[in-house]
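In the working numbering, the protein residues as written are 5 to 402. Here is the structure we will look at.
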C-alpha cells in the first residue's frame, strides 16, 4: 500500500519487547512482500502465529481450464451461474470463469458466512457487484458495499460475512500483488495530482478486531501440483488468528468504491489505459464509470475497432447501459472476452447511434491480461455460443 498506518497497540520501537498486562510477551509477526525488500507490516499477537495443531487436504473446487481454441470472442452470462446464494459462501463456492498462469477470474453469489481463509498464491481484488458484506481480517474489519473493490494482500487471514441481502462478487485472484498503477504514484508512493483517486478514497481497518478461541480452522490456498499449480490445505491453529492487538506498516487490506473514481476524458476518444485502477504482474484492472464523453464536434464516442495484439480483454458489465455493445445480446452480468489476435469494437449500429452523445451511463470492470486466458468450468457453462457472429450477423455452416 502507499502509506503508513498504525492501528491499536504497538511498542515504541520495532523488534523490541512488548508485554501483555500479565507480563507475558506479545508475539511479533512480520508480514512482508518480496522477501524483506518491499512493503510490510508488523502484527502483535497474543498467541504464537505459527502454532498449528492440525493439517489436512482441502479439496478445492474445479480449477481446470480449457484453451480458447479455435480462437473465438465470447459472451459469458455470469448471472446464469447461480440461481440463489443460499448455501453458498464467498470462498468455497466461487465458480472459475477465466484464468491463466497470472490471474484467475471467478464469480459467486453467497448468503452464508465463509470459513476463515488465506490465499497464499497472491493478492485478491474482489468487486462487490450487488449486496454487502463484512470482511473480518487479521488487521481488523472492513465494510464492503455495492461498488466496492476489496483488496486483500496475499496470505491475509480473513472471512466474508454477507449482509442481509447476500452478496454477488466478482473475484480477481492474482499470482502476484495488486496495487495502484505506478504512474499514479510519486517515487515515495504518494498519489500524484493526475491520479483519478487518492488516499482519501481508500478505507482501511480502523481498530483491531481481537477474537479469542482455540483449534481454529483456516482454509489455505497455496502452491502445489493441482490445476494451475494450486492446491488447498486446512490448517488448524492452536489459538485464534484474530488475536492481534495492534499493527503498523504499509501492508494491509482496504476498500475502494468505484464511485470515487474520477474519470479522465478528452475531446476525442481516450484509450483504455486512462480507465486503469489497479495492476498486477502481467495484467491490469480498469473501470469504465459514468462520465462525460468526447466533446470534439466530430467525435465518435464509442471505441474505435482495435486489435489487442499483446493481450486478452475481459469486460464485466455491472451497471448502466453499455453503448458500444447494443445489439450484441450483452447486458448486466455479462462478460465479453476479446482475445489477443482478434480485432474488436462496437456493434456497427452503435457507431451512428452514439454520435452527438455527451454522456455515457455505464459501469464495467475490465481485466486485460498479457497471457492468453482459458475458460474455467463456470465460463464454459454460461458461454452463449453466438456472440462471435454478431458483428457480421451470420455464421457459415461448419
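Backbone N, C-alpha and C define an ideal beta-carbon position, used for all residues, glycine too.
- Distance from the Cα of residue 229 is smallest, within the candidate group 55, 61, 22, for 61.
- Between residue 192 and the set 43, 359, 20, the nearest pair of CA atoms involves 43.
- For residue 383, the uninterrupted alpha helix (DSSP H) segment begins and ends at 381-385.
- One Cα belongs to residue 390, the other to residue 79, and the distance between them is close to 8 Å.
- The way I'd put it, the region 280-298 does touch the region 174-183; three or more beta-carbon pairs between them come closer than 8 Å.
- Counted as a single uninterrupted DSSP element, the stretch harbouring residue 358 is not any beta strand (DSSP E) but the alpha helix (DSSP H) occupying residues 352-358.
- Along the length of the region 227-274, whole beta strand (DSSP E) runs at least 3 residues long occupy 234-243, 248-253, 258-261, reported in chain order.
- Residues of the same chain with a CB within less than 7 Å of the CB of residue 90, apart from the 5 flanking positions on each side, are 115 in chain order.
- Residue 148 is classed as buried because its beta carbon has at least 16 other beta carbons within 10 Å across all chains shown.
- Comparing alpha-carbon positions, the option among 64, 264, 281, 85 lying closest to residue 129 turns out to be 281.
- The three-state secondary structure of residue 159, taken from DSSP, is coil.
- In the DSSP assignment, residue 322 falls within the unbroken beta strand (DSSP E) covering 316-324.
- Within the model, the alpha-carbon separation for residue 382 versus residue 118 is close to 20 Å.
- Per DSSP, reduced to three states, the secondary structure at residue 134 is strand.
- Rounded to whole angstroms, the separation of the alpha carbons of residue 204 and residue 194 is 11 Å.
- Contact check between the region 298-309 and the region 26-35: fewer than three CB pairs, one atom from each, fall below 8 Å, which does not count as touching.
- A direct Cα-to-Cα measurement between residue 65 and residue 279 gives close to 32 Å.
- By the criterion of at least three beta-carbon pairs nearer than 8 Å, the region 8-28 is not in contact with the region 215-232.
- Contact annotation: residue 319 and residue 340 have beta-carbon atoms nearer than 8 Å.
- With contacts defined by Cβ atoms closer than 8 Å, residue 99 and residue 112 form a contacting pair.
- Per the C-alpha coordinates, the member of 41, 256, 348 positioned closest to residue 140 is 256.
- Per DSSP, the continuous beta strand (DSSP E) segment holding residue 81 begins and ends at 78-81.
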